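This note's numbering applies: residue 3 is where the sequence shown begins, and numbers increase by one.
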Amino acid sequence: MKDRTLQNGKDIKKLVASLISYFEKERDSGGPRDILKRVGDALQLHPSTVSAISKNIKEGRPLCQQPQENTAS
């Protein structure tokens, strides 16, 4: 497994999304059920942060907004 350096918020959100997916598979195989709490505990994140990221994933939203170009002349 490669060591990774988290560069920005998008990297962190991808990590949270990956951990949520992992814990969901574990739950579906009979493992512990409280996925969002486990993710927050594992990554030392506030529950509302994990919940917001999870909601965005379920709604198909991008993990990070692309910067908007300034089109004003």
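Where is the CB? At the ideal position from N, CA and C, for every residue including glycine.
Values in this document were obtained by computation on a predicted structure and should not be read as measured data.
Would Lys12 be called buried (16 or more neighbouring beta carbons within 10 Å of its own) or exposed?
As a first step, residue 12 must be located in the sequence shown, where it is residue number 10. Around the CB of Lys12, fewer than 16 other CB atoms lie within 10 Å, so the residue is classed as exposed.
Quick one: measure Cβ to Cβ for Leu21 and Leu45, integer angstroms, because I've assumed they're closer than 8 Å.
The count along the sequence shown starts at 1 and reaches residue 21 at position 19. The count along the sequence shown starts at 1 and reaches residue 45 at position 43. The pair is a contact, with the Cβ atoms about 7 Å apart (cut-off 8 Å).
Relative to the alpha-carbon of Lys14, which residue among Lys60, Gly42 and Glu61 has its alpha-carbon at the smallest distance?
Here the question's residue 14 lines up with position 12 in the sequence shown. Sequence inspection shows Ile at residue 14; the Lys mentioned does not correspond to that position. Closest in alpha carbon position to Ile14, among Lys60, Gly42 and Glu61, is Gly42.
Taking the C-alpha atoms as reference points, what is the distance between Glu61 and Ser53?
Along the sequence shown, one-based indexing puts residue 61 at 59. Along the sequence shown, one-based indexing puts residue 53 at 51. The alpha-carbon atoms of Glu61 and Ser53 are separated by roughly 12 Å.
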